[in-house]
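Each residue of the sequence shown is one higher than the one before, starting from 388 at the first, in the working numbering. Cβ coordinates follow ideal geometry from the N, Cα and C atoms, glycine included. As the structure is a computational prediction, the values presented were derived from the model and not from experiment. Notes follow the structure.
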Amino acid sequence: MRDCSNEPIEYVYMSMTDSELRFARRAIKRKKLFLALSITSVVVGLGLTLLYSWQYATQPGFAPGIHLVLVLLILLMARQNLRQYYYAKILEKLIA
């Protein structure tokens, strides 16, 4: 694969294969899904944080360790979905 970093955008678009174009168009179609998943993940992560904080404060012996790892993974998933949304938005501007 050749390096297209110094070429104008028009030439890069023309050098994309059919499978690369299909991949980019699928990502553009899923742009709203990525944003919805990101927002939902943030809401769920914050809700679980509140729930686990309440349980830690009211229940003696509640071990928050594994629960906080779950919250962290959910928030990292939200971050990745937001990143995919931004990439799809940029792809839309470049090839659509």
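Nearest-angstrom Cα separation, counted from residue j out to residue i
i: Arg412; j: Gln446; result: 50 Å
i: Ser428; j: Leu438; result: 15 Å
i: Gly452; j: Leu469; result: 26 Å
i: Lys476; j: Ile482; result: 10 Å
Extent of the continuous alpha helix (DSSP H) run through residue i
i: Gln471; result: Gly452 to Ile482
i: Ser406; result: Asp405 to Lys416
Neighbour flag for residue i against chain C, beta carbons, 8 Å
i: Ser428; result: No chain C is present in this structure, which holds just one protein chain.
7 Å Cβ shell around residue i - same chain, five flanking residues per side excluded
i: Phe449; result: Gln442 and Tyr443
i: Ser425; result: Ala465, Asn468, Leu469 and Tyr472
Cut-off 6 Å between Cβ atoms - residues of its own chain near residue i, not counting five sequence neighbours on either side
i: Arg466; result: none
Residues near residue i by beta carbon distance below 8 Å, same chain, minus five either side
i: Ile461; result: Ser428, Val431, Gly432 and Leu435
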